[in-house]
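For the sequence shown, my numbering begins at 49 and goes up steadily by one. All C-beta atoms in this analysis are idealised placements derived from N, C-alpha and C, irrespective of residue type, glycine included. In this text, all values refer to a predicted model and were calculated from it rather than measured experimentally.
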Amino acid sequence: VALDLLPGEEQTVILTIDNAAPAIAYGLLVDPEVAFGDGNPDDVVVSEGIPAAEITNGDDAVDTTYNIPAATVAGTITYTVTLDEGIEPGEVVISFPVIRQGTFGE
Numbered sequence: 049v050a051l052d053l054l055p056g057e058e059q060t061v062i063l064t065i066d067n068a069a070p071a072i073a074y075g076l077l078v079d080p081e082v083a084f085g086d087g088n089p090d091d092v093v094v095s096e097g098i099p100a101a102e103i104t105n106g107d108d109a110v111d112t113t114y115n116i117p118a119a120t121v122a123g124t125i126t127y128t129v130t131l132d133e134g135i136e137p138g139e140v141v142i143s144f145p146v147i148r149q150g151t152f153g154e
């Protein structure tokens, strides 16, 4: 996802997760990666993802893990992205690698 951000501006990014095939319950690890042109990626704040629909938080100690149950066809994880105040505006590119972890339950 590419965003043009101004300092202090907040934008919303919604990641859709499809669980159509195979429709089994499994854990997800989603750890956003930020690139900020010639700028410092640490000047870009990506919030903890907020799951919706049937996706739930996984391990409470790790804010990048989620669970998706077997019955779910799709769900979303919403992030807010903010550029720190006083930073030159620019294009921010965020990738959301999704790593499928082990299955759970039935």
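How would you label Pro137, buried or exposed, when you count the other beta carbons within 10 angstroms and need 16 or more for buried?
-> Residue mapping note: residue 137 aligns to position 89 of the sequence shown, counting from 1. Looking at its Cβ environment, which holds fewer than 16 other Cβ atoms inside 10 Å, Pro137 is exposed.
By DSSP, does Asp33 sit in helix, in strand, or in coil?
-> Shown here, the chain extends from 49 to 154; a query on residue 33 therefore has no answer.
Could you tell me whether the Cβ atoms of Val140 and Leu131 are closer together than 8 angstroms?
-> Mapped onto the sequence shown, residue 140 falls at position 92. Mapped onto the sequence shown, residue 131 falls at position 83. Yes, the pair counts as a contact, with Cβ atoms nearer than the cut-off.
Applying the criterion that 16 or more other CB atoms from any shown protein chain within 10 Å of the CB defines a buried residue, is Ile72 buried or exposed?
-> Counting from one through the sequence shown, the residue named residue 72 turns up at place 24. Exposed.
Does the beta-carbon of Pro98 have 16 or more other beta-carbons within 10 angstroms, so that it is buried, or is it exposed?
-> The sequence position of residue 98 within the sequence shown is 50, counting from 1. Checking the sequence shown, residue 98 turns out to be Ile, not Pro. Classification of Ile98: exposed, given that the 10 Å Cβ count is below 16.
Can Ala118 be considered in contact with the ligand ATP, in the sense that its beta carbon sits closer than 7 angstroms to one or more heavy atoms?
-> Looking for the ligand ATP in the displayed structure turns up nothing, as the structure carries no ligands at all.
Apply the 10 Å Cβ neighbour rule to Asp55 and answer buried if 16 or more other Cβ atoms are within range, or exposed otherwise.
-> Residue mapping note: residue 55 aligns to position 7 of the sequence shown, counting from 1. Per the sequence shown, residue 55 should be read as Pro rather than Asp. By the neighbour-count rule (16 or more Cβ atoms within 10 Å), Pro55 is not buried but exposed.
For Pro89, which three-state DSSP category applies?
-> Locating residue 89 in the sequence shown gives position 41, where the first residue counts as 1. It is helical.
Helix, strand or coil: how does DSSP classify Asp79 here?
-> Counted from its first residue, the sequence shown places residue 79 at position 31. Of the three classes helix, strand and coil, the one that applies to Asp79 here is coil, per DSSP.
With 16 other Cβ atoms within 10 Å as the buried cut-off, status of Asn88 | Here residue 88 is taken as the residue at index 40 of the sequence shown, counted from 1. So Asn88 counts as exposed.
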